[in-house]
Structure formats: C-alpha cells, structure tokens
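Working notes, structure below.
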Amino acid sequence: MSRSSVSLGIGGTVQTYVWNWKGKPVSVIYEVLGEGKQILLLPAFSTVSSRAEMRGLAEQLAERFQVIAVDWPGFGESDRPGIDYKPAVYHGFLRSFVQSVFSDPVVVIAGGHAAGYVMQLAQQSPAPWSYVILTAPTWRGPLPTAMGEHRKAYKVLQQIVRLPILGQFLYFLNTLPWFLRWMYQRHVYADPKHITRSLMAEKWQASRGWGARFASVAFVTGALDPVRDRMQFIDYFQPLPVPVLMVIGEQTPPKSREEMEIVVHFSGVQVLRMPGSLGLHEEYADALMTGLLPMLNKFLS
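Each residue of the sequence shown is one higher than the one before, starting from 14 at the first, in the numbering used here.
Next comes the structure, spelled out in structure tokens:
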C-alpha cells in the first residue's frame, strides 16, 4: 500500500506544536476534531504508536466534544530526532503541551504507557486534568516485562540499535509486516479477525521514516518507563489527585493485568472491565465509548 493511501490521523484539522527540548525545536503533530468541551487523547507508546489508534474513539467523541489527539515526539508524524529518549523528555513535553493548548483542566484519555506520564503530571498543583481515563495502563516496557530487569544489557541493545547501519537493519527486521502481525496477535488485539491487512498497512507506515528506531528501542527496552517499580506506580494513585477511571481488558496478558489489578486493589480508582487486550481503545472503540459516554456526560454536565 502506498504512503499516500494510509491515514495516520483521526480526520480532523492537523496542527503543529513546536516544542523546544534543550534548545532544539521539535515539531509535534496534533489534530483537532469536533466542538464543545475538550478531551485530550494520548496514544499508547509502541513501535507503531500514532494518534490514528484513537480514530474510532475520536470520531464518536467528536459528536459531543472537541477532541485533541497527539503524536508523541519520536512517534507517528511528529519529529523523530536522534536524542536520548528518556522519561524527562515526555514529562517535559506533556507539561509544556498542556500548558500551551489548554486554559482549564481537561479530561484526558491515555492508553498504555502514557498512564504514568499523565499521573505524574496530575501531582502538580493545580492539576491540569479534571478527569483521567486510563485504558490498559502499563508502566514497564516489553523487554523488562518479558525477560526481567537487565538494564545494563538493555542499554547495550539501545546503543546497538542507534548505530547507522546495523541499528537500522535490526529495526527493519523488527518492523516487518509479519512480525507486527505476530505482535498484535500476541499482546495488542484480543480477536485475530480484527487484525486486517489495512490495519497492518497503517501500523507498518507508522513505523517507517528516518529516526523511527530511536524512540522505539527506548520504549521496548524500558528506557521510557515512567517509574522503576510497582510501588512508585501505585503511589501515583494514593491518594487520588483527581478522579480516575481505569479500563481493563478481559484478554490482557497476565503480567500486565496483574499490575492493573493491584492498582485497583490499593486505590480508589473507578474500574471499567470490557473485552480487549492492550489495544482495547482501538480494537473495541465502540464498546469503550458505550462504557465511557454515561460517565463523561455526567462528569462534564
């Protein structure tokens, strides 16, 4: 499929936010759709992260609200500079973006690893969020989750992938269409029938482009983990700085679901359980909207 036939957006007005990181400008793409009270949509971190994964949810929310969907720096259609990607980059970006775009506390819907960055920002006073919705929240990257804490080895892997030729080749192997499909079947989608050819073309396109490997390998190896252990993550929710709803998919991988259930057990978050896995906000956007709309209408009325 050609580049021009693949959409990485939500069907709204595309805008650019120029953010400065250590004196260097980084162009961040975001999109605005609909009118009304504002809702910020933050996609999950992944090799194929883009605001397009929020499209189904955005289209339905835009019938009643104004939605703003963002491509994180290093992902999607935003700039992908070869910087040292670490939590400080994304803490800094999110704080700056929210302060520049929103004048009042806003509802935020965040997928996966975006949860930790949203909850960290919720600690500031006044909080930029009025209501936080976390879909399949995670705090630990794929390699540390699957293979344990081997940070020195993961650091070496990051350095290898950053190399011009060998690094690009290794990244290419890990973004082949068949590998992306396997990843979606194993962790992201609950029903293999939903993993269509057009979906994989979109995900492959999201993984392309100069510099795509830099932020991707940082996420995969745990360098973008907002916290270093479970208790630090739980501390974000004790006490709750703002109202929080956590959405948990019934087919979420066991290790990731265990972390979500522990947060639920030790905090006062609201819980919505529904079909899906780590990509439930995309795969089951209709079901998610059905569950969220009564809460949003009540909260924003």
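Virtual Cβ for every residue (Gly too), placed ideally from N, Cα, C.
Residue i to residue j span [Cα, whole Å]
i, j, result
"Lys311", "Ser143", "13 Å"
"Gln79", "Thr148", "19 Å"
"Val120", "Arg108", "15 Å"
"Thr303", "Ile178", "47 Å"
"Thr60", "Val83", "16 Å"
"Gly24", "Glu72", "8 Å"
"Pro150", "Ser220", "22 Å"
"Glu272", "Pro190", "30 Å"
"Val19", "Gln218", "7 Å"
"Val145", "Met287", "18 Å"
"Thr26", "His163", "43 Å"
"Ile81", "Ala135", "18 Å"
"Gly222", "Leu212", "18 Å"
"Ser183", "Ala231", "The sequence given here places Leu at residue 183; Ser does not occur at that position. Using only the alpha carbons, I get a separation of about 14 Å."
"Gly36", "Ser91", "17 Å"
"Lys206", "Ser138", "45 Å"
"Lys50", "Asp248", "30 Å"
"Gly124", "Ser62", "10 Å"
"Val39", "Asp97", "14 Å"
"Ser314", "Leu285", "20 Å"
"Ser113", "Tyr30", "9 Å"
"Arg16", "Arg210", "Confidence at Arg16 is low in this model, with a pLDDT of 41, below 50, so its placement is unreliable and the value that follows should be read with caution. Straight-line Cα distance between these residues: approximately 15 Å."
Beta carbon of residue i nearer than 8 Å to that of residue j
i, j, result
"Leu301", "Val260", "yes"
"Asn32", "Phe58", "Reading off the sequence, residue 32 comes out as Trp, not Asn. No, the pair does not count as a contact, with Cβ atoms beyond the cut-off."
"Leu156", "Tyr167", "yes"
"Leu309", "Val282", "no"
"Gly89", "Arg64", "yes"
"Val41", "Phe110", "yes"
"Glu44", "Gln28", "yes"
Continuous beta strand (DSSP E) stretch holding residue i: start and end
i, result
"Pro38", "Lys37 to Leu46"
"Ala203", "Ala203 -> no beta strand (DSSP E), and no H or E assigned at all."
"Gln79", "Gln79 to Val83"
"Gln283", "Gln283 to Met287"
Whole-angstrom C-beta distance between residue j and residue i, which should lie under 8 Å
i, j, result
"Leu21", "Glu296", "That belief does not hold up - the Cβ atoms of Leu21 and Glu296 are roughly 18 Å apart, past 8 Å."
"Gly180", "Trp152", "With 8 Å as the limit, Gly180 and Trp152 do not qualify as a contact, their Cβ atoms being about 26 Å apart."
"Gly95", "Gly224", "6 Å"
"Leu55", "Val174", "Not confirmed; about 25 Å, so no contact."
"Val276", "Phe246", "7 Å"
"Ser269", "Thr158", "7 Å"
"Leu70", "Ala298", "5 Å"
"Gly87", "Ala228", "3 Å"
"Ile208", "Arg194", "6 Å"
"Thr234", "Leu170", "6 Å"
"Glu239", "Pro141", "Checking the sequence, you will find Pro at residue 239 rather than Glu. Not a contact, Cβ separation roughly 16 Å."
"Gly262", "Leu293", "4 Å"
Bounding residues of the alpha helix (DSSP H) (the contiguous stretch that carries residue i)
i, result
"Thr158", "Pro155 to Met160"
"Gly262", "Taken as a continuous stretch (DSSP letters only), Gly262 belongs to no alpha helix (DSSP H), being part of the beta strand (DSSP E) at Val257 to Gly262."
"Tyr303", "First, the amino acid is wrong: residue 303 is Thr here, not Tyr. Element bounds for Thr303: Ala298 to Leu313."
"Asp248", "Arg243 to Asp248"
"Ala225", "Ala225 to Val233"
"Ser269", "Pro267 to Phe279"
Reduced DSSP category for residue i - H, G, I as helix; E, B as strand; rest coil
i, result
"Val114", "helix"
"Arg16", "Because the pLDDT at Arg16 is just 41, under 50, the model does not fix this residue reliably, and the value given afterwards should be weighed accordingly. Note: Arg16 maps to helix in three-state DSSP."
"Gly124", "strand"
"Tyr144", "strand"
"Ile52", "strand"
"Tyr197", "helix"
"Asn187", "coil"
"Trp34", "strand"
"Gln218", "helix"
"Val27", "strand"
"Val61", "coil"
"Val169", "helix"
"Val240", "coil"
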